[in-house]
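Q:
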Amino acid sequence: MGLLDKLETIATTRETLLPKGINPFNVVIEEIHSATEGTIDGHRVVLAGTNNYLGLTFHPSCIEAARETLLKEGTGTTGSRMANGTFSGHSALEKELALFYGCSSAIVFSTGFVTNLGAISSLAGPGDVIVMDADSHASIYDACRMSGAEMIRFRHNNMVDLEKKLSRLGPKCKNTLIIVEGIYSMLGDCAPLAEITALKKKYGAWLMVDEAHSMGVLGEHGRGLAEAVGVEQDIDFTVGTFSKSLGAVGGYCVSNHPELDLLRYVCRSYVFTASPSPATISSVREALRVINSQPQLRTKLWENVEQLYRGLEHSGFELGPDPSPIVAIRVPSKEKALLAWKAILEKGIYVNLVFPPAAPAGLFLLRCSISAAHTSEQIEYILKTFADLKPMMTDAV
Amino acid sequence: MTTPQYDTIFQQIEALLLEYAQLQVPIQDDTDLINDLGFDSLKLMEMLEDVEDIFDITYPLNDLSNLHTVKDFVLQIQQIVGGE
Numbered sequence: 000m001g002l003l004d005k006l007e008t009i010a011t012t013r014e015t016l017l018p019k020g021i022n023p024f025n026v027v028i029e030e031i032h033s034a035t036e037g038t039i040d041g042h043r044v045v046l047a048g049t050n051n052y053l054g055l056t057f058h059p060s061c062i063e064a065a066r067e068t069l070l071k072e073g074t075g076t077t078g079s080r081m082a083n084g085t086f087s088g089h090s091a092l093e094k095e096l097a098l099f100y101g102c103s104s105a106i107v108f109s110t111g112f113v114t115n116l117g118a119i120s121s122l123a124g125p126g127d128v129i130v131m132d133a134d135s136h137a138s139i140y141d142a143c144r145m146s147g148a149e150m151i152r153f154r155h156n157n158m159v160d161l162e163k164k165l166s167r168l169g170p171k172c173k174n175t176l177i178i179v180e181g182i183y184s185m186l187g188d189c190a191p192l193a194e195i196t197a198l199k200k201k202y203g204a205w206l207m208v209d210e211a212h213s214m215g216v217l218g219e220h221g222r223g224l225a226e227a228v229g230v231e232q233d234i235d236f237t238v239g240t241f242s243k244s245l246g247a248v249g250g251y252c253v254s255n256h257p258e259l260d261l262l263r264y265v266c267r268s269y270v271f272t273a274s275p276s277p278a279t280i281s282s283v284r285e286a287l288r289v290i291n292s293q294p295q296l297r298t299k300l301w302e303n304v305e306q307l308y309r310g311l312e313h314s315g316f317e318l319g320p321d322p323s324p325i326v327a328i329r330v331p332s333k334e335k336a337l338l339a340w341k342a343i344l345e346k347g348i349y350v351n352l353v354f355p356p357a358a359p360a361g362l363f364l365l366r367c368s369i370s371a372a373h374t375s376e377q378i379e380y381i382l383k384t385f386a387d388l389k390p391m392m393t394d395a396v
Numbered sequence: 000m001t002t003p004q005y006d007t008i009f010q011q012i013e014a015l016l017l018e019y020a021q022l023q024v025p026i027q028d029d030t031d032l033i034n035d036l037g038f039d040s041l042k043l044m045e046m047l048e049d050v051e052d053i054f055d056i057t058y059p060l061n062d063l064s065n066l067h068t069v070k071d072f073v074l075q076i077q078q079i080v081g082g083e
């Protein structure tokens with residue numbers, strides 16, 4: 000078998016889709032008009048699949064902060080955090096993130112993905128154990144492989160299975176890092192964090208929570224699921240991203256363990272990649288201030304979530320288990336999902352199409368992500384479109 | 000704990016392999032899980048959950064990189080059962 004032969008299956012699949020005008024994994028947004036509208040294939044569409052939960056990509060003060068820094072500090076750092084890539088903004092943002100979480104320290108990374116790659120593979124190594132939820136993000140899986148630690152997965156949100164696996168580890172629990180997510184990105188469900196922290200304490204393990212999709216969304220101050228559940232003091236490491244609620248790109252890890260700072264010296268995805276641009280950092284700092292000072296954005300987000308989730312539920316769609324800014328509609332087959340996704344786009348709505356292995360348990364999903372910036376009228380239009388096209392998404396036809 | 004015999008484990012996983020395999024072929028020691036039985040990563044994970052229940056073990060994902068044939072699988076399970 001030649002080097003490139005393994006790509007043949009993908010090429011064949013793509014060739015069957017392109018003549019039908021379906022290319023869901025290479026959509027180009029030709030123009031972006033606002034946090035909720037863009038132009039795709041020459042048509043203006045409602046963006047309902049962008050993880051822009053608070054709509055901050057177009058927040059005037061975030062744009063202004065980025066603009067000012069762009070003019071003052073230039074377009075990029077051209078270096079890694081360890082070399083010439085740490086500007087005063089990076090350090091200031093780390094202090095502000097630590098303050099936001101009430102933690103002693105924070106590290107800023109270039110993306111959420113490399114945050115997980117770096118933090119996890121530096122914290123755990125050969126001789127350690129990582130116990131991860133089965134529905135964890137690809138970055139967590141890849142990081143675990145990179146770490147060289149023993150990788151164990153427990154069934155998604157299944158506390159019986161988690162306890163069984165921890166109990167078998169015995170004294171190795173003190174070298175065990177449990178990794179879960181605040182909100183899971185495919186079905187939008189939350190981790191049972193109170194139970195997980197109880198098990199973590201019972202067995203003396205360590206706990207990392209990825210709040211990528213829950214930061215800015217959950218908790219009175221937007222700190223995520225741990226704040227919402229009241230277990231922040233039991234979380235050893237919190238990781239997250241700037242590319243969702245904070246409306247930019249980058250990632251972070253915060254902790255009360257003073258050893259976190261030592262990761263700067265061993266974490267390859269920190270040492271060997273360029274740092275976020277100064278303008279990006281400024282927009283994130285401003286977005287953090289907005290999240291702190293404008294809780295009404297979260298209120299509006301959850302009103303929108305309720306409207307979309309309950310509306311789709313009322314129309315009889317099979318959804319993820321809980322209302323959340325990620326609303327996943329289950330479709331019975333790949334073919335139906337593809338045709339429905341195309342029809343929805345032609346009606347002027349962009350959503351995400353998700354197949355296995357990205358989707359869990361062999362599911363085919365049309366995934367909406369809702370924003371505080373969506374208007375009630377936009378959500379009504381999404382609901383009407385899905386209801387009109389429902390026969391394409393069910394077993395009925 | 001007494002480590003179960005190779006044949007005993009083989010018989011127990013044979014039925015599972017046939018249940019989850021995309022391609023139905025006779026299960027032998029050198030049957031390849033991907034090339035002969037058509038397993039993909041998702042099906043493999045689903046089956047591993049059953050394996051963990053049946054043998055009351057934890058199967059580390061690291062072992063997947065050395066899992067190619069039915070014989071590999073049986074030996075891995077035998078080793079895990081013996082070690083727990």
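Sequence order for the protein chains is A and B. Counting from 1, position 75 in the first sequence corresponds to residue 74 in numbering that gives the first Met the number 0; the numbering is continuous, with no gaps. Counting from 1, position 9 in the second sequence corresponds to residue 8 in numbering that gives the first Met the number 0; the numbering is continuous, with no gaps. The C-beta atom is built at its ideal place from N, Cα and C for all residues, glycine as well.
1) How big is the Cα-Cα spacing for V396/A and P390/A?
2) Against G361/A, what residues of chain B qualify as contacts under a CB-to-CB distance less than 9 Å, listed in chain order?
3) Is the CB-CB distance between L36/B and L16/B below 8 Å?
4) Is there at least one Cβ from chain B nearer than 8 Å to K164/A's Cβ?
5) Could you give the DSSP three-state label for H256/A: helix, strand or coil?
6) So, are the CB atoms of A105/A and Y251/A less than 8 Å apart?
7) Less than 8 Å between the beta carbons of S274/A and A64/A, yes or no?
8) Considering S104/A, what are the terminal residues of the beta strand (DSSP E) in which it resides?
9) Do V353/A and A339/A have their C-beta atoms closer together than 8 Å?
10) Going by DSSP in three states, H155/A sits in which element: helix, strand or coil?
11) Determine the closest residue to D40/A out of I21/A, C61/A and S332/A, with distance taken between C-alpha atoms.
12) Below 8 Å, how does it come out for the segment 288-301 of chain A and the segment 362-375 of chain A: are there three or more Cβ pairs, yes or no?
13) List, in order along the chain, the chain A residues whose C-beta lies closer than 7 Å to that of N61/B?
14) To the nearest angstrom, report how far apart A47/A and I56/B are at their CA atoms.
15) Using the C-alpha atoms, what's the distance from C143/A back to F316/A?
16) Say whether chain B places a C-beta atom closer than 8 Å to the C-beta of P257/A.
17) Measure the C-alpha to C-alpha separation of K200/A and L2/A and round it to an integer number of angstroms.
18) Label K383/A either buried or exposed according to how many other C-beta atoms from any shown protein chain fall within 10 Å of its C-beta, with 16 as the threshold for buried.
19) How far does the beta strand (DSSP E) with A239/A in it reach, from first residue to last?
20) Taking L116/A as the reference, which of D132/A, A133/A and G147/A has the closest Cα?
21) In three-state DSSP terms, what is T374/A?
22) Grab the span of the alpha helix (DSSP H) containing M207/A for me, first residue to last.
23) Got a sec: is the Cβ-Cβ distance from P356/A to anything in chain B below 8 Å?
24) Tell me whether the beta-carbon of S121/A lies closer than 8 Å to the beta-carbon of I178/A.
25) Cutting at 7 Å between CB atoms, please list the residues of its own chain near Q11/B, excluding the five before and the five after it.
26) Keeping to the same chain, check which residues put their C-beta closer than 8 Å to that of I195/A; ignore five residues upstream and five downstream.
27) Relative to the C-alpha of L66/B, which candidate in G82/B, G81/B and L47/B has its C-alpha closest?
28) At 3 residues or longer, what runs of the beta strand (DSSP E) sit wholly inside the segment 291-338 of chain A?
29) The ligand GDP and V238/A: does the residue's C-beta get closer than 7 Å to at least one heavy atom of that ligand?
A: Judging by the given coordinates:
1) Unreliable placement is indicated for V396/A, whose pLDDT of 45 sits below 50; no coordinate value is reported for it.
2) L41, K42 and E45
3) yes
4) yes
5) Shown here, H256/A sits in coil according to DSSP, grouped into three states, outside any helix or strand.
6) yes
7) Cβ distance not < 8 Å, so S274/A and A64/A don't count as in contact.
8) S104 to F108
9) The Cβ atoms of V353/A and A339/A do not sit closer than 8 Å to each other.
10) coil
11) I21/A
12) yes
13) E149 and M150
14) 43 Å
15) 35 Å
16) Judged by the 8 Å Cβ criterion, P257/A is not in contact with chain B.
17) Approximately 47 Å between the Cα atoms of the pair.
18) Under this definition K383/A is an exposed residue.
19) Correcting the residue identity first, residue 239/A is Gly in this sequence and not Ala. Run containing G239/A: F236 to T240, per the beta strand (DSSP E) assignment.
20) G147/A
21) coil
22) No alpha helix (DSSP H) holds M207/A; the beta strand (DSSP E) holding it covers W205 to D209.
23) yes
24) no
25) I53
26) M158, L161, I177, V179 and L206
27) Per the Cα distances, L47/B.
28) The qualifying runs are 325-330.
29) Within the structure as shown, the ligand GDP is missing, as the structure has no ligands at all.
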